[in-house]
Amino acid sequence: MTENLHRDEVLQTELRQEKRFHFHGTGAEYFRIWIVNILLTLATIGVYSAWAKVRRMKYFYENTELMGARFGYHANPKKVFFSRFLVILTVSIFYGLAFFFPVIEPLGSIIWVVALPALLAFALYFRMRNTSYRGLRFVFTGAIKQGYLTLWFPLAIAILGLTIITFASYLLKTDAKLGLIMGLSLLLVYILFPILVMPVFQVQWKRFAHEHSYFGNAKFDFTATVKQYIKAYVACLFAYAGFLIILGLCFALGLAGVLGMKHEGEVKDGFTRYLPFILIGAACFYALLFTVVPYIRALFFNLAWNNTQIASHKFRAALPAWGMVKLAAGNLLFILLTFGFFRPFAVIRTQRYLLEHLFLDLDASDTDVFKSLSQTNPRAYAEGALDLFGDMDM
Amino acid sequence: MSMQDDALYYDGLTANAQTVVATFANGELTLSNGEKVIRCTAVKDIQVSSSAKQTFAIVYFSEGASLQINYTELIIAITPKSSLPVLLSNSWRGASIAFIILAALVFAIYQWGIPLAADQAAKGMPNEWAGKIEETVMKDIDENMCKPSKLANSHQIQLLRGFAELQKASAANIKALPNAKLIFRSCDFIGPNAFNIGRETIILSDEMVIFAGNDEAIIGILAHELGHLQGDHVMRGILRYVGVGVVATALLGDVSGILAAAPTLVMRNQFTQVFEREADAHAIARLKAVKISAKPLAAVFQKLSKRDGDGDGDGKRWEWLFSHPNSAERAKLFQE
């Protein structure tokens with residue numbers, strides 16, 4: 215049985231052709247786009263930021279090549295602007311109201327959670343519809359109602375957790391003992407949330423998003439299981455715990471250094487006395503942050519892409535965590551040395567590195583891959599009212 | 518004159534690529550596959566997207582069709598006049614110009630733009646809003662930071678009497694501030710300090726009274742705080758603070774928070790230092806109006822300076838990092 219399975223897999227791989235992604239963007243080119251974007255955004259008090267986003271996205275998409283063809287980005291900057299304006303307006307109105315009626319402030323995060331699936335769906339409609347490859351647009355056809363039905367479990371848990379948080383912080387002020395009990399259950403929520411709720415949310419959402427996304431008439435699929443994501447989240451939790459322990463040690467070391475010096479009476483004045491403490495602590499913090507974060511990023515990049523397929527063609531990602539860590543460390547060093555001006559080069563380097571480790575295993579038994587793909591869904595070009603909410607993925 | 522070049526055409530209906538010959542003549546771009554013409558489109562109806570390196574271009578037609586083509590004379594001929602952003606970012610010269618304008622703009626915004634806008638907004642801010650902020654801050658202080666004062670009642674009354682005197686004082690640049698309130702609190706969390714939290718309320722910590730050890734010095738400190746009140750420094754400060762945050766985010770928004778945080782802090786502290794100097798000058802004038810010496814206040818700053826060790830060398834060197842000017846220097850100011 216196992217042997218048979220194995221043989222099947224071998225046969226399958228033999229029929230597959232590995233296709234690479236190529237990234238043609240350069241730091242020098244992107245730097246110039248970046249600096250002009252910053253200038254115009256500032257000069258227009260932020261209005262240009264929508265146009266800046268479209269220019270940036272266009273640059274990245276049009277410089278990404280797969281099988282000799284480039285991707286395309288087609289968002290209308292005016293729509294991006296209006297959706298941004300809408301977001302800012304809504305948030306300001308809410309906080310304006312919260313200023314005069316503080317009661318509603320804790321509601322903010324609950325409203326946010328309730329709105330999340332709809333916002334994610336709007337963003338996906340917009341993003342897919344405005345992405346093209348070989349003359350065809352991508353399209354997402356999922357219904358918002360179905361999104362809510364799919365995600366009811368993590369949403370309910372999140373709302374419950376937030377209610378407990380609000381209630382516990384309120385109780386702490388009036389009745390410390392009861393508040394403490396609530397606080398402890400809160401801790402439980404904090405631990406359970408990342409390892410149970412987040413994986414479920416992510417897998418269910420991705421499955422929903424993929425299964426309703428098309429390139430032409432070819433459908434996407436997502437094959438990862440909740441178990442795989444729980445494993446990844448537990449790995450993250452361990453990485454993060456290790457990070458906190460080392461950080462704590464660093465701070466203790468720094469503090470010991472400070473106290474030691476005070477004892478010897480070498481340095482008396484305020485700022486210089488705490489300088490080693492601040493420096494050691496900050497150095498450890500950033501060093502660790504820039505190892506843990508790229509590690510997590512690589513983990514999830516591989517997990518997501520290795521479980522993504524379109525029709526019978528599978529994506530494969532082999533992003534090395536250690537390589538990402540080295541890349542991020544180099545980027546950070548240069549960004550600091552150049553007072554931030556290395557930033558666009560760092561973004562390009564990272565994008566190239568990601569795409570160098572992403573492959574499409576083309577199902578070669580499907581001989582006329584592209585001829586059979588056609589734009590069947592008229593929705594791909596329909597400009598809807600939902601575009602107003604399209605740019606939520608700021 | 519006509520130009521032609523090989524290209525890949527996608528018709529927008531299938532993902533299939535067709536090899537075509539693109540020809541530009543008489544304001545029209547014609548695509549043919551050797552046997553027949555596939556499409557013929559007026560140049561005004563197409564969009565051209567080309568890389569700054571000028572090796573490659575994509576031509577978009579209106580209904581989703583597109584053409585991938587090498588960057589040649591043909592592309593130059595059919596590209597409409599570049600927009601300003603494209604022109605600026607296509608060459609290092611353009612990018613340098615953008616950079617210089619950006620630097621000047623950032624300087625002007627911090628130097629004049631934010632202070633001007635924030636001060637105007639503070640002027641327009643109704644007293645009820647300021648009162649609301651005061652209420653919230655006071656609640657927070659009482660819940661999380663301070664306890665009721667442990668100063669003897671007689672001592673409090675004595676200080677309040679001195680404060681009332683100061684409040685009434687008026688001179689050239691000194692206004693009487695009848696609405697100002699003085700509140701005593703014990704705050705080991707904050708330590709020796711006096712601060713105001715809006716347009717009316719000044720909070721004086723017991724620790725400050727003990728640290729100063731001299732009521733005339735406390736009167737001097739209160740004169741300084743009245744300077745903040747008269748200048749509406751809290752509201753102006755909050756708005757400038759927000760302004761710096763907004764500009765820093767716009768500027769460094771896509772840079773990680775770390776990089777944005779440091780310059781933001783430095784810029785914010787520059788503004789508060791200006792306010793502190795203004796309040797110091799105000800304190801001297803107000804004390805003069807009620808004929809109280811500033812010398813005891815100078816002594817407090819000397820003591821502060823000694824405690825923090827910022828009297829010489831390092832303290833002065835790092836001054837730009839802090840929210841308040843150097844204590845030793847302030848001691849000198851009040852001494853004169």
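Line by line, the protein sequences are chains H and W.
Just so we're aligned: the first sequence equals residues 215 to 608 in our numbering.
Just so we're aligned: the second sequence equals residues 518 to 853 in our numbering.
Backbone N, C-alpha and C fix where the C-beta goes; we use that ideal spot for every residue, glycine too.
{"Query": "Rounded C-alpha distance that separates Lys664 (chain W) from Asp723 (chain W)", "Result": "10 Å"}
{"Query": "Exposure label - Asn670 (chain W); buried when at least 16 CB within 10 Å", "Result": "exposed"}
{"Query": "Proximity test, Cβ basis, 9 Å: Leu254 (chain H) and chain W", "Result": "yes"}
{"Query": "Chain W contact residues for Lys250 (chain H), given Cβ-Cβ distances below 8 Å", "Result": "Looking at the sequence itself, residue 250 (chain H) is Val, so the reference to Lys does not match. Those are Pro602, Leu605, Ser606, Gly611, Ala612 and Ala615, listed as they occur along chain W."}
{"Query": "Collapsed DSSP secondary structure at Gly715 (chain W) in the structure displayed", "Result": "coil"}
{"Query": "The stretch 791 to 803 of chain W in contact with the stretch 653 to 668 of chain W per 3-pair CB rule at 8 Å", "Result": "no"}
{"Query": "Assigned secondary structure, Tyr262 (chain H) (DSSP; H/G/I helix, E/B strand, else coil)", "Result": "coil"}
{"Query": "Listed by chain order, chain W residues near Ile247 (chain H) by CB distance under 7 Å", "Result": "Ser606"}
{"Query": "Residue(s) in a DSSP beta bridge with Tyr287 (chain H)", "Result": "H:Thr345"}
{"Query": "CB contact below 9 Å: Gly479 (chain H) versus chain W", "Result": "Confidence in Gly479 (chain H) is poor, its pLDDT being 44 and thus under 50, which makes the residue's placement too unreliable to answer from."}
{"Query": "Beta carbon proximity, Asn587 (chain W) to chain H, threshold 9 Å", "Result": "no"}
{"Query": "Three-way DSSP call (helix, strand, coil) for Leu321 (chain H) in this model", "Result": "helix"}
{"Query": "Tyr588 (chain W) - DSSP class collapsed to helix/strand/coil", "Result": "coil"}
{"Query": "Counterpart residues of Asp523 (chain W) in DSSP-defined beta bridges", "Result": "W:Val538"}
{"Query": "In chain order, each beta strand (DSSP E) run of at least 3 residues that lies wholly inside the stretch 641 to 717 of chain W", "Result": "698 to 703 and 711 to 713"}
{"Query": "Limits of the alpha helix (DSSP H) - the one that Val417 (chain H) falls within", "Result": "Met412 to Glu425"}
{"Query": "Selection of the stretch 343 to 357 of chain H by Cβ proximity to chain W, strictly under 8 Å", "Result": "Ser346, Tyr347, Arg348, Gly349, Leu350 and Arg351"}
{"Query": "At least three beta-carbon pairs within less than 8 Å, the stretch 501 to 521 of chain H to the stretch 449 to 460 of chain H", "Result": "yes"}
{"Query": "According to DSSP, residues forming a beta bridge with Arg556 (chain W)", "Result": "W:Leu548"}
{"Query": "Length of the line joining the Cα atoms of Thr789 (chain W) and Phe429 (chain H)", "Result": "56 Å"}
{"Query": "Separation of Val759 (chain W) from Gln675 (chain W), as counted between CA atoms", "Result": "39 Å"}
{"Query": "Cβ contact (3+ pairs, closer than 8 Å) linking the stretch 592 to 601 of chain W and the stretch 271 to 289 of chain H", "Result": "no"}
{"Query": "CA-to-CA distance, Ile524 (chain H) to Asn344 (chain H), given in whole angstroms", "Result": "18 Å"}
{"Query": "Residues bridged to Val565 (chain W) [DSSP beta-bridge criterion]", "Result": "W:Val576"}
{"Query": "Inter-residue spacing [alpha-carbon to alpha-carbon] between Leu225 (chain H) and Thr304 (chain H)", "Result": "Low per-residue confidence applies at Leu225 (chain H): pLDDT is 48, beneath 50, and the placement is therefore not dependable enough to give any value."}
{"Query": "Cut-off 8 Å between Cβ atoms - residues of its own chain near Leu677 (chain W), not counting five sequence neighbours on either side", "Result": "Leu699"}
{"Query": "Same chain, Cβ closer than 8 Å to Asp684 (chain W), neighbours up to 5 away in sequence not counted", "Result": "The identity of residue 684 (chain W) in the sequence shown is Gln, whereas the question assumes Asp. Within the same chain, Gln684 (chain W) has close Cβ partners Ala693, Leu694, Pro695, Ala697 and Leu743."}
{"Query": "Supposed contact pair Leu369 (chain H) and Val327 (chain H) - C-beta distance, whole angstroms, cut 8 Å", "Result": "7 Å"}
{"Query": "Amino acids of chain W, ordered along the chain, whose beta-carbon sits closer than 8 Å to that of Gly361 (chain H)", "Result": "By Cβ distance, chain W contributes nothing, its closest Cβ being about 27 Å from Gly361 (chain H), past 8 Å."}
{"Query": "Nonlocal neighbours in the same chain, by C-beta distance under 6 Å from Trp248 (chain H), ignoring five residues either side", "Result": "Pro558"}
{"Query": "Sequence-distant residues of the same chain with beta carbon closer than 7 Å to Arg278 (chain H), five excluded per side", "Result": "Strictly speaking, residue 278 (chain H) in this sequence is Thr, with Arg absent from that position. Result list for Thr278 (chain H): Phe235, Phe237, Arg284, Phe285 and Leu569, in chain order."}
{"Query": "Start-to-end residues for the beta strand (DSSP E) that takes in Ala432 (chain H)", "Result": "Ala432 to Phe436"}
{"Query": "Glu853 (chain W), DSSP secondary structure in three states", "Result": "coil"}
{"Query": "Beta-carbon spacing of Ala264 (chain H), Phe315 (chain H) below 9 Å", "Result": "no"}
{"Query": "Contact between the stretch 609 to 619 of chain W and the stretch 566 to 586 of chain W (3+ Cβ pairs under 8 Å)", "Result": "no"}
{"Query": "Inter-residue Cα distance where the pair is Gly241 (chain H) and Leu493 (chain H)", "Result": "31 Å"}
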